[in-house]
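Participant: This is the structure, below, for whatever I ask next.
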Amino acid sequence: MITPDEANASVTVTPQGDSDKMTVHYVAPNGDPKEVIATKVGNQWALKETPTGISIDNTSGAVTVNYQGVQNGSEVSVSET
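Numbering (full-length UniProt numbering), first residue to last: 1 to 81.
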């Protein structure tokens with residue numbers, strides 16, 4: 001589920017169901033296509049890397065991409081497994 005938050009200039013992506021891996025696709029501020037991978041081990045979620053402007057809630061797996069991490073006006077998408 002992708003939830004925009006215009007007041008905070010961010011987007012939060014939350015895993016659904018029993019997924020244990022989520023890939024968030026976005027465009028970096030410099031225009032390069034990027035992705036960040038969140039994985040669940042046990043009951044904790046973690047990011048393989050944490051670029052500027054990207055954060056994760058280790059309990060829910062919600063990944064937040066704020067204005068510092070994404071090109072203005074670009075699209076954020078997600079795939080889950």
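C-beta atoms are modelled at their ideal positions from N, C-alpha and C, and glycine is treated no differently. Only a predicted model underlies this, so the values are computations on that prediction, with no experimental measurement involved.
1. Would you give the residue range spanned by the beta strand (DSSP E) that Pro4 belongs to?
2. Taking the straight line between their C-alpha atoms, what separation do you get for Thr52 and Ala28?
3. How is the beta strand (DSSP E) around Tyr67 delimited, first residue to last?
4. Report all residues from its chain with a CB closer than 8 Å to the CB of Ala9; omit the five preceding and five following residues, and keep chain order.
5. Take Gln44 as the anchor and find which of Glu35, Pro15, Ile2 has the nearest alpha-carbon.
Facilitator: Reading it off the structure:
1. As a working note, residue 4 is residue 4 in the sequence shown. Here the beta strand (DSSP E) through Pro4 covers 2 to 5.
2. Counted from its first residue, the sequence shown places residue 52 at position 52. Counted from its first residue, the sequence shown places residue 28 at position 28. Separation of Thr52 and Ala28 (C-alpha to C-alpha, rounded to the nearest whole angstrom) is 10 Å.
3. Taking the sequence shown and counting its residues from 1, one reaches residue 67 at position 67. Neither: Tyr67 is in no beta strand (DSSP E) and is coded neither H nor E.
4. Within the sequence shown, residue 9 is the residue found at index 9, counting from 1. Here the set comprises Asn66, Tyr67.
5. Taking the first residue of the sequence shown as position 1, residue 44 is located at position 44. Ranking Glu35, Pro15, Ile2 by Cα distance to Gln44 puts Pro15 first.
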